[in-house]
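Trainee: Pasting in a structure now, in structure tokens, and then I'll have a few things to ask.
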Amino acid sequence: MKVGNHVGFAAEILRKGGLVSIPTETVYGLAADATNPDAVAAIFKVKKRPSFDPLIIHVSDFESAKKYTSHIDPRAKLLADHFWPGPLTLVLPKKDSIPDIVSAGLTTVGVRVPNHPITLDLLRSVDFPLAAPSANLFGYVSPTRPQHVASQLGESIDYILDGGPCAIGVESTILGFENDSPVIYRRGGIEISAIEDLIGPVKVNEHSNSNPQAPGMLSSHYSPFKKLVGEPYDQTVKAFPNLKVGALRFSNKLPSCPENWQLVLSESGNLLEAAYHLFEYLRKIDELEPDLFVVEFVPDIGIGQAINDRLRRATASNH
Ligand code: TXA
Ligand code: MG
Numbered sequence: 131m132k133v134g135n136h137v138g139f140a141a142e143i144l145r146k147g148g149l150v151s152i153p154t155e156t157v158y159g160l161a162a163d164a165t166n167p168d169a170v171a172a173i174f175k176v177k178k179r180p181s182f183d184p185l186i187i188h189v190s191d192f193e194s195a196k197k198y199t200s201h202i203d204p205r206a207k208l209l210a211d212h213f214w215p216g217p218l219t220l221v222l223p224k225k226d227s228i229p230d231i232v233s234a235g236l237t238t239v240g241v242r243v244p245n246h247p248i249t250l251d252l253l254r255s256v257d258f259p260l261a262a263p264s265a266n267l268f269g270y271v272s273p274t275r276p277q278h279v280a281s282q283l284g285e286s287i288d289y290i291l292d293g294g295p296c297a298i299g300v301e302s303t304i305l306g307f308e309n310d311s312p313v314i315y316r317r318g319g320i321e322i323s324a325i326e327d328l329i330g331p332v333k334v335n336e337h338s339n340s341n342p343q344a345p346g347m348l349s350s351h352y353s354p355f356k357k358l359v360g361e362p363y364d365q366t367v368k369a370f371p372n373l374k375v376g377a378l379r380f381s382n383k384l385p386s387c388p389e390n391w392q393l394v395l396s397e398s399g400n401l402l403e404a405a406y407h408l409f410e411y412l413r414k415i416d417e418l419e420p421d422l423f424v425v426e427f428v429p430d431i432g433i434g435q436a437i438n439d440r441l442r443r444a445t446a447s448n449h
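Note that my numbering has the sequence shown beginning at 131, numbered continuously upward.
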């Protein structure tokens, strides 16, 4: 496995059916030629991802999105015009050129144009779309730095295209249509209010373990290996007298918890900064001394809703 910023090298590997981790503004992806079923199968294998969980495809622009989808709702076009390149995935009816393994047998496929210069270069230099889920083992925290990818999947992929840390830090917002109405399948980098400003009210679909249609929203996703619980801190310490209890905080430290057992997402209370740090700190939790962490939720506005969604799923995990 190699790490570097050589777009031509990455393109060569992808043309041969290999796997390359790609930077995006949200999280690092684990990419393969979406039109090559064997290459896509390798993504599922490396991630240990169940085959019923569909992948999204990445394209360089709206015109390419049209090549792989059979119908683009006018509201989807409006959103694409406004937010692409950017953290919005549109679920649209797929064409046969996208193999069933990508969409896990669904008739739709998620498509987005990522906003990262290196990956846009790469997408322009190959003549196929890139299927790419987040480059982490299934169920674990998404990677926002090349080192995160290297430490977890480094042995099993061909190249990591280094684009630095991801600017946004939470995954794309996913929107599709059901019975002609827009539905949000995952909260993410684009706030719902910004979407509603353009196309009117949208329904938010709360996914759970009982809904395998979009299983990325399994309630125990985004979990570090250590256990995370909700507040309050002092009560948790009392409940687990034999455990070291740390804290993942929004903007300030708790006086009752040792300083170096605490991680603060944004000292200035900035939600964008909190999103930027979120997955890095969820990974750090596994390296710090405490056995258990108490999580403080962030203000539930703007991108804070996407952060809280990840935090809820991380605390819902039963390991
Ligand atoms: O920001 C992102 O979206 C990142 C970067 C790499 O682009 N990708 C990402 O992929 O988060 P992944 O596979 O980790 O999450 C994609 C989610 C999955 O939860 C999947 O269930 C859902 O999209 N999904 C994919 N195709 C779908 C479809 N046709 N209908 C509904 N949900 C779909
Ligand atoms: Mg993922």
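Beta carbons are placed, not taken as given, at the ideal position from N, Cα and C, and that holds for glycine.
1) How should A369 be labelled, buried or exposed, when 16 other C-beta atoms within 10 angstroms of its C-beta is the threshold for buried?
2) Nearer than 7 Å: is that true of the beta carbon of P204 relative to any heavy atom of the ligand MG?
3) So, do the segment 377-390 and the segment 324-332 have three or more beta carbon pairs nearer to each other than 8 Å?
4) Scan the segment 210-259 and note each continuous alpha helix (DSSP H) run of 4 residues or more that stays entirely inside, going in chain order.
5) Is D183 helix, strand or coil by DSSP?
6) Relative to the alpha-carbon of P217, which residue among G360, S381, R317 has its alpha-carbon at the smallest distance?
7) So V137 is in the alpha helix (DSSP H); what residue range does that whole segment cover?
8) In the DSSP assignment, find the unbroken beta strand (DSSP E) run with Y363 in it and report its ends.
9) Keeping to the same chain, check which residues put their C-beta closer than 7 Å to that of A404; ignore five residues upstream and five downstream.
10) Checking the sheet assignment: what are the DSSP bridge partners for E308?
11) So, are the CB atoms of V271 and R413 less than 8 Å apart?
12) Among D191, A297, I314, which one has its Cα closest to the Cα of D257?
13) Count Cβ pairs between the segment 281-293 and the segment 191-203 that sit closer than 8 Å; are there 3 or more?
14) Would you check whether the ligand TXA has a heavy atom nearer than 7 Å to the C-beta of E301?
15) When the Cα of A446 is compared with those of H136, D416, S353, E417, which residue comes out closest?
16) Going along the chain, which residues of its own chain have a beta-carbon closer than 7 Å to the beta-carbon of P342, five neighbours each way excluded?
17) Exposed or buried, what is L358 when buried is set at 16 or more other beta-carbons lying within 10 Å of its beta-carbon?
18) Quickly, what does DSSP pair F423 with across the bridge? List them, please.
19) DSSP state of D163, grouped into three classes?
20) Looking at P217 and the ligand ZN, is the gap between the Cβ and the nearest heavy atom below 7 Å?
21) Starting from S281, follow the alpha helix (DSSP H) in both directions and report where the run begins and ends.
22) So which of L402, G148, K383 has the shortest CA-CA distance to E426?
23) How about L160 and I287: are their beta carbons less than 8 Å apart?
24) Go ahead and pull the three-state DSSP assignment for L149.
25) What does I290 pair with, by DSSP beta-bridge criteria?
26) Touching or not, the segment 148-163 and the segment 258-265, by the rule of three or more beta carbon pairs under 8 Å?
27) List the endpoints of the continuous beta strand (DSSP E) containing L393.
28) Just reading off the alpha helix (DSSP H) that G434 is part of, what are its end residues?
29) Can S181 be considered in contact with the ligand MG, in the sense that its beta carbon sits closer than 7 Å to one or more heavy atoms?
30) Any chance the CB of A262 is under 7 Å from a heavy atom of the ligand TXA?
Mentor: Inspection of the coordinates gives the following:
1) exposed
2) no
3) no
4) 230-233, 247-255
5) coil
6) R317
7) 137-145
8) First-last for Y363: 363-369, but that is the alpha helix (DSSP H), not the beta strand (DSSP E).
9) F380, L395, S396, V428, I437
10) S311
11) yes
12) D191
13) no
14) yes
15) S353
16) Any reading at P342 is ruled out, since the residue's pLDDT is 47, under 50, leaving its predicted position unreliable.
17) buried
18) L358, G376
19) strand
20) Absence of the ligand ZN is noted for the structure shown, with the ligand TXA and the ligand MG being the only ligands found.
21) 276-283
22) K383
23) yes
24) coil
25) V133, S151
26) yes
27) 392-394
28) 434-446
29) no
30) yes
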